[in-house]
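Working notes, structure below.
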Amino acid sequence: MKTEIYGHFHPDERQFVDRAWDWVTAAGQYHESKLTDFLDPRQGHILHSLVNRHPDVIVRLEGGHEDAERCRALIAPDYRELDGEDMEMKVLAITSGEQKFLALEHGDYMGAILGLGIKRSKIGDIHVLADGCHVVVTADIADYLTMNLHGVHKVNVSTEILPLSSLRSSETKLEMMDLTVASLRLDGIAADVTRLSRSKILAPIKSGRVRVNWKVEEDPSTALKEGDVVSLQGFGRFKVLEVGGLTKKGRYRVQVGKFV
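Just so you know, we're using numbering that gives the first Met the number 0 here: the sequence shown kicks off at 0 and counts up by one.
Given below as structure tokens:
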């Protein structure tokens, strides 16, 4: 069965497909439930597609708020009622009395937590707020983080564990860019956003370091469309917000938002 569905996914995704299918079959055949760590949207999509192939299995995805990007999944037999199940998530609230604290960014918090030896899969969305930061984490690492996280990017911090109901989410901040491009090709738009030459942007694409909607994309000629989220390892992420009409010279007007 797994070999039949491999064709729908990138070869790099096969390891996750194997794990996810094992969760699904365990729920359907042996009545076992599985609560995963945090999944990215692509992994969530893969899991949903596999669950849909099994008539006796259901799944619930939860990340702490309605628009959560990273979610935990609970896979179970279809006779289970999952809405009231504990998804075992906590909020790590980070604050500081130092003025430099206000300049900290998403990557600073991520780096500090990963620097404690925490796996990325244990961390959900990170919400940078005007007066601190709320990080959704798996409940099993919450106490460890409060005992060991004392600094973020050379800024002394204090931490507190809150229930998920106390989560304060932040709005996504985008740096708007208006481009005119010859085509909607991935390499052309990515080169303009990163301010790299077309030849230099080819290397990360062909080496599998670029994802479109969280799926590895190695074809530079892939056409982007409105709503696509592109992540380039080492260069951040951007979203195609609008594809407008053509200029007099036949170039596309494209508005993108670079995540900051």
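In this text, a Cβ means the ideal position worked out from N, Cα and C, and glycines have one as well.
- Burial of Thr137 is indicated by the presence of at least 16 other C-beta atoms within 10 angstroms of its C-beta.
- Under the three-state reduction of DSSP, Pro40 is assigned to helix.
- DSSP links Ser230 through a beta bridge to Arg210, Arg236.
- Within a 10 Å sphere around the beta-carbon of Arg210 sit 16 or more other beta-carbons, which makes this residue buried.
- With a minimum length of 4 residues, the unbroken runs of alpha helix (DSSP H) contained wholly in the stretch 56 to 127 fall at 105 to 113.
- Annotated as distal: Leu173 and Val242, with beta-carbon spacing of 9 Å or more.
- Rounded to the nearest angstrom, the gap between the Cα atoms of Ile122 and Ile57 is 24 Å.
- Using a Cβ-Cβ distance cut-off of 8 Å, the stretch 19 to 30 and the stretch 71 to 84 are in contact, since at least three pairs of beta carbons, one from each stretch, lie closer than that value.
- In summary, Gln232 is exposed, with fewer than 16 beta-carbon neighbours lying within 10 Å of its beta-carbon over all protein chains present.
- In its chain, beyond the 5 residues on either side, Leu103, Glu104, His105, Tyr108, Ser169 have a beta carbon closer than 8 Å to the beta carbon of Val127.
- Separation of the CB atoms of Thr145 and Ile160 is rounded to 6 Å, and the pair is thereby assigned contact status at 8 Å.
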